[in-house]
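*Asks:* Starting off with a structure, shown below.
In our numbering, the protein residues as written are 1 to 266.
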């Protein structure tokens, strides 16, 4: 049999056309992801009440002060803010009449804002000193943010709301800032064996999918899968399995750049 006859025999197989179609879709999706250019700023948050709670303030018998000011409760909120797109965002595009600012619940006041980590010092991310009196917003500025540049900010405040937000207007960003919700604290890796097991678990669905595909093509099928229509049952099963794995990996992924990870987030 010549190679031409062999190639024609492969092209006559229905599974090959399906495989080429899937490969084309995957290639098109990857090409889009590699070439897209977006302007996007995003943030995730995490908060907890250190003293008091959302429903009740501290008992009247307990007096807690911060810099000589009595407070009803103490709330700590962590916020990670970064350039989630591909285009550079310049600080000069911040609208003066509507500056960028961290916002907590209107029922509380901001006590302090601390930058725990910044991607690069050249970004010149800074928080302006708060004005006098009860405030629940704090302005911030930066020089520029390239892709994945950002900061990790700790906000101490007295609001019952543990979820801070970002307000303000920036040129070229009419949709505002993307709130990706609460992030999950990553589990610290204690040793190399943990990393190895994580790698093996990540590769397992891929190995299963490739192995199942080869078995479906070259191995004899059971009688209930011998027909052409029922033969696709195996593909559907493998597709569902891999899809569930990808969904689980997507929702458990770290939603912020690795460069912003710090021990304070664990």
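C-beta atoms are modelled at their ideal positions from N, C-alpha and C, and glycine is treated no differently. Since the structure is predicted, the reported quantities are computational estimates derived from the model, not experimental observations.
In this structure, does DSSP put residue 93 in helix, strand or coil?
*Replies:* On the chain shown, residue 93 is found 93 positions in, with the first residue counted as 1. In the structure shown, residue 93 sits in a helix (DSSP, three-state: H, G or I).
*Asks:* Touching or not, the segment 38-49 and the segment 148-164, by the rule of three or more beta carbon pairs under 8 Å?
*Replies:* The segment 38-49 is in contact with the segment 148-164.
*Asks:* Nearest-angstrom Cα distance between residue 65 and residue 71?
*Replies:* Residue 65 sits at position 65 when you count from the first residue of the chain shown. Residue 71 sits at position 71 when you count from the first residue of the chain shown. So the two alpha carbons sit approximately 6 Å from each other.
*Asks:* Buried or exposed, going by whether 16 or more other CB atoms sit within 10 Å of the CB of residue 114?
*Replies:* Numbered from its first residue, the chain shown carries residue 114 at position 114. With fewer than 16 Cβ atoms within 10 Å of its Cβ, residue 114 is classed as exposed.
*Asks:* Give me the Cα-Cα distance between residue 108 and residue 90, rounded to the nearest whole angstrom.
*Replies:* As a first step, residue 108 is located in the chain shown; it is residue number 108 there, counting from the start. As a first step, residue 90 is located in the chain shown; it is residue number 90 there, counting from the start. Taking the straight line from one Cα to the other gives about 31 Å.
*Asks:* Just to confirm, are residue 137 and residue 78 a CB contact at a threshold of 7 Å?
*Replies:* Position 137 of the chain shown holds residue 137. Position 78 of the chain shown holds residue 78. For residue 137 and residue 78, no; Cβs fall outside 7 Å.
*Asks:* Let me check one thing: in DSSP terms, what residues is residue 183 bridge-paired to?
*Replies:* Position 183 of the chain shown holds residue 183. Per DSSP, none; premise fails for residue 183.
*Asks:* DSSP has residue 103 in a bridge; who is on the other side?
*Replies:* Walking along the chain shown from the start, residue 103 turns up at place 103. Answer by DSSP bridge pairing, in chain order: 137, 165.
*Asks:* Comparing C-alpha positions only, which one of 125, 43, 37 sits nearest to residue 167?
*Replies:* Along the chain shown, read from residue 1 onward, the residue named residue 167 stands at position 167. The candidate whose alpha carbon is nearest that of residue 167 is 43.
*Asks:* Terminal residues of the continuous beta strand (DSSP E) containing residue 48?
*Replies:* Walking along the chain shown from the start, residue 48 turns up at place 48. Looking at the DSSP string, the run of the beta strand (DSSP E) that includes residue 48 is 41-51.
*Asks:* Between the beta-carbon of residue 127 and the beta-carbon of residue 142, is there less than 7 Å?
*Replies:* As a first step, residue 127 is located in the chain shown; it is residue number 127 there, counting from the start. As a first step, residue 142 is located in the chain shown; it is residue number 142 there, counting from the start. No.
*Asks:* So, under 8 Å CB-CB, residue 148 and residue 59 are touching, yes? Tell me the CB distance rounded to an integer number of Å.
*Replies:* Residue mapping note: residue 148 aligns to position 148 of the chain shown, counting from 1. Residue mapping note: residue 59 aligns to position 59 of the chain shown, counting from 1. Not a contact, Cβ separation roughly 45 Å.
*Asks:* For residue 151 versus residue 177, is the C-beta spacing smaller than 7 Å?
*Replies:* On the chain shown, residue 151 is found 151 positions in, with the first residue counted as 1. On the chain shown, residue 177 is found 177 positions in, with the first residue counted as 1. No, these two residues do not count as a Cβ contact at 7 Å.
*Asks:* Ordered along the chain, which non-local residues of its own chain (more than five positions away) have a Cβ less than 6 Å from that of residue 180?
*Replies:* The residue labelled residue 180 in the question sits at position 180 within the chain shown. 42, 44, 255, listed in sequence order.
*Asks:* For residue 155, report the span of its beta strand (DSSP E) as first-last.
*Replies:* Mapped onto the chain shown, residue 155 falls at position 155. Its beta strand (DSSP E) spans residues 150-157.
*Asks:* Give me the residue from 184, 51, 157, 82 with the minimum Cα distance to residue 267.
*Replies:* The chain is shown only over 1 to 266; residue 267 falls outside these bounds and no answer can be derived.
*Asks:* Apart from the five residues just before and just after residue 99, which ones in its own chain have a Cβ nearer than 6 Å to its Cβ?
*Replies:* The residue labelled residue 99 in the question sits at position 99 within the chain shown. If we look at residue 99 and ignore the five residues flanking it on each side, its Cβ neighbours are 139, 168.
*Asks:* Which one of 110, 173, 85, 95 has the shortest CA to CA distance from residue 67?
*Replies:* Position 67 of the chain shown holds residue 67. When only C-alpha atoms are compared, the closest one is 110.
*Asks:* Are there 16 or more other CB atoms within 10 angstroms of the CB of residue 230, so buried, or fewer, so exposed?
*Replies:* By 1-based counting over the chain shown, the position of residue 230 is 230. In this prediction, residue 230 scores a pLDDT of 49, lower than 50, which makes its location untrustworthy; the coordinate-derived value is nonetheless stated afterwards. So residue 230 ends up on the exposed side.
*Asks:* In this structure, does DSSP put residue 76 in helix, strand or coil?
*Replies:* In the chain shown, the residue the question calls residue 76 occupies position 76. It is a strand residue.
*Asks:* For residue 38, count neighbouring C-beta atoms within 10 Å of its own C-beta (all shown protein chains included) and say buried if the count is 16 or more, exposed if not.
*Replies:* Here the question's residue 38 lines up with position 38 in the chain shown. Label assigned to residue 38: exposed.
*Asks:* Whole-angstrom Cβ separation of residue 74 and residue 184, contact assumed at under 8 Å?
*Replies:* Your numbering for residue 74 matches position 74 in the chain shown. Your numbering for residue 184 matches position 184 in the chain shown. In fact, because the Cβ distance is near 23 Å, the residues do not count as touching under 8 Å.
*Asks:* I think residue 93 touches residue 172, with their Cβ atoms under 8 Å apart; what is that distance to the nearest whole Å?
*Replies:* Taking the first residue of the chain shown as 1, we reach residue 93 at position 93. Taking the first residue of the chain shown as 1, we reach residue 172 at position 172. Sure, about 6 Å apart at Cβ, within 8 Å.
*Asks:* With a threshold of 7 Å on Cβ separation, who are the neighbours of residue 112 within its own chain once the five nearest residues in sequence on each side are excluded?
*Replies:* If you number the chain shown from 1, residue 112 lands on position 112. These residues qualify, in order along the chain: 156.
*Asks:* For residue 86, which residues of its own chain have a beta-carbon under 6 Å away from its beta-carbon, when the five flanking residues on both sides are left out?
*Replies:* In the chain shown, counting from the first residue as 1, residue 86 sits at position 86. Counting only Cβ-Cβ distances below 6 Å, and skipping sequence neighbours, we find 37, 38, 147.
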